[in-house]
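S.K.: Handing you this structure, nothing more for now.
Numbering (UniProt numbering), first residue to last: 1 to 119.
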């Protein structure tokens with residue numbers, strides 16, 4: 001009859017926390033329940049847009065588009081996905097989207113947020 005801990009030497013020695021242990025014990029501070037930013041008002045529709053590019057979408061569509069540009073408004077969660085043949089087309093597509101958004105809804109886009117991974 002063997003026990004699981006047979007042969008294991010037990011001590012009461014304390015070990016220093018490793019970085020993973022410290023990171024796991026961190027507590028996130030509570031987020032504000034409303035927008036407190038003056039420079040990027042996320043409660044104002046159209047003021048802040050999130051932008052991202054998805055590369056090498058498979059399968060490619062019939063038009064040969066391999067990438068997509070994703071644009072989402074922070075306040076409304078409304079956005080669009082735009083197919084692109086080349087990543088370099090993102091700026092023109094984004095400027096056309098912003099111009100149409102500002103013209104049709106009488107809003108001003110103030111901030112663009114992006115992960116900046118796709119340059």
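Note that the Cβ used here is the ideal one computed from N, Cα and C, for glycine as well.
Keep in mind the model is a prediction, meaning the values are calculated, not measured.
Can you tell me whether residue 84 is buried or exposed, with buried defined as 16 or more other CB within 10 angstroms of its CB?
M.R.: By the 10 Å Cβ count, residue 84 comes out buried.
S.K.: In chain order, what are the residue ranges of uninterrupted beta strand (DSSP E) at least 3 long that sit wholly in the region 30-108?
M.R.: For the region 30-108, whole beta strand (DSSP E) runs of length 3 or above, ordered along the chain, are 48-54, 67-73, 79-84.
S.K.: Please list, in chain order, all residues of the same chain as residue 103 whose beta carbon is under 7 Å from its beta carbon, the five residues on each side excluded.
M.R.: Nothing listed; no residue qualifies.
S.K.: So what's residue 113 in DSSP terms, helix, strand or just coil?
M.R.: In the structure shown, residue 113 sits in a strand (DSSP, three-state: E or B).
S.K.: Contact defined as beta carbons within less than 8 Å: I believe residue 94 pairs with residue 71. What is the distance between those atoms, to the nearest angstrom?
M.R.: That belief holds up - the Cβ atoms of residue 94 and residue 71 are roughly 7 Å apart, short of 8 Å.
S.K.: When the Cα of residue 75 is compared with those of 49, 82, 56, 57, which residue comes out closest?
M.R.: Selected option, being the one with the closest Cα: 49.
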